[in-house]
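*Asks:* What the sequence shown shows, in full-length UniProt numbering, is residues 1 to 138, in sequence order.
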Amino acid sequence: MSDPQQHSLATIRRYYDAFNAGDIAGMIDCLSDDFVHDVNEGDRRMGKDAFGTFCAHMSETYKETLTDMVVFASVDGTRGAAEFVVNGQYLKTDPGLPEAHGQTYVLPAGGFFTLKDGLITRVTTYYNLQEWIRQVSQ
Numbered sequence: 001m002s003d004p005q006q007h008s009l010a011t012i013r014r015y016y017d018a019f020n021a022g023d024i025a026g027m028i029d030c031l032s033d034d035f036v037h038d039v040n041e042g043d044r045r046m047g048k049d050a051f052g053t054f055c056a057h058m059s060e061t062y063k064e065t066l067t068d069m070v071v072f073a074s075v076d077g078t079r080g081a082a083e084f085v086v087n088g089q090y091l092k093t094d095p096g097l098p099e100a101h102g103q104t105y106v107l108p109a110g111g112f113f114t115l116k117d118g119l120i121t122r123v124t125t126y127y128n129l130q131e132w133i134r135q136v137s138q
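1. Within 8 Å, do at least three Cβ pairs link the segment 28-35 to the segment 69-79?
2. Excluding the 5 residues flanking A100 on each side, which residues of the same chain have their C-beta closer than 8 Å to its C-beta?
3. Grab the span of the alpha helix (DSSP H) containing T93 for me, first residue to last.
4. Tell me the DSSP secondary structure of F35 in three-state form.
5. What do you get for V70, buried or exposed, if any count of 16 or more other CB atoms within 10 angstroms of its CB means buried?
6. If you draw a straight line from the alpha carbon of L115 to that of P98, how long is it in whole angstroms?
7. Quick check: E64 and V85, are their CB atoms within less than 8 Å of each other?
8. Alpha carbon to alpha carbon, what distance is there between D49 and T124?
9. With DSSP run on the structure shown, which of helix, strand or coil describes Q6?
10. So, helix, strand or coil for T61, using DSSP?
11. Quick check on the DSSP output: the beta strand (DSSP E) that includes A21 runs from which residue to which?
12. Quick one, which of I120, V36, E131 has its alpha-carbon nearest R13's?
13. Identify the continuous alpha helix (DSSP H) that holds L129 and give its terminal residues.
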């Protein structure tokens, strides 16, 4: 793909398609070796290994599918964003958060990306943690 904007759009879509399929390896295939992950209300993770560990924890704790996906990319393909709805189920208590007992939640969220050479070098995810807590505490 020679159009950098279209290439970045395709990479971001592939990343989220892998997420929805529960394919951690597929997500990691979209990442550069110097990848950085900034998660809402959490610590920065550096590298693919740290990201894989995070994803494995998330898979045990939450079951999520993203819908209503809209993906954007800059003309030069170096920046991107996605807006979506998280449709989830809280499976296992995450330390410091309310106790899990299978609660479901629906939450708007988004991700911001930096890309280089067709791979994601950074993703930052945002959502309203207080709204999530409200939903799972009912």
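A virtual CB, placed ideally from N, CA and C, is assigned to each residue, including glycine.
*Replies:* Let me lay it out:
1. No: fewer than three Cβ pairs fall under 8 Å.
2. The count along the sequence shown starts at 1 and reaches residue 100 at position 100. Answer for A100: T61, Y90, L91, K92, T93, D94, V136, listed in chain order.
3. By 1-based counting over the sequence shown, the position of residue 93 is 93. It is not in any alpha helix (DSSP H) - T93 carries neither H nor E in the DSSP assignment.
4. Looking up residue 35 in the sequence shown gives position 35. Correct three-state label for F35: strand.
5. The sequence position of residue 70 within the sequence shown is 70, counting from 1. Classification for V70: exposed.
6. Working through the sequence shown from its first residue, we reach residue 115 at position 115. Working through the sequence shown from its first residue, we reach residue 98 at position 98. Going from the Cα of L115 to the Cα of P98 covers about 35 Å.
7. For this step, residue 64 is matched to residue 64 along the sequence shown. For this step, residue 85 is matched to residue 85 along the sequence shown. Not a contact, by the Cβ cut-off of 8 Å.
8. The residue labelled residue 124 in the question sits at position 124 within the sequence shown. The residue labelled residue 49 in the question sits at position 49 within the sequence shown. Each residue's Cα considered, the two are about 17 Å apart.
9. For the purposes of this step, residue 6 is identified with residue 6 of the sequence shown, where counting begins at 1. Q6: helix per DSSP, three-state reduction.
10. Position 61 of the sequence shown, counted from the first residue, corresponds to residue 61. Three-state DSSP puts T61 in a helix.
11. In the sequence shown, counting from the first residue as 1, residue 21 sits at position 21. In the DSSP annotation of this structure, A21 is not part of any beta strand (DSSP E), being labelled neither H nor E.
12. Numbered from 1 along the sequence shown, position 13 holds the residue referred to as residue 13. When only C-alpha atoms are compared, the closest one is I120.
13. By one-based count along the sequence shown, residue 129 stands at place 129. Counting along the chain, the alpha helix (DSSP H) containing L129 begins and ends at 129-136.
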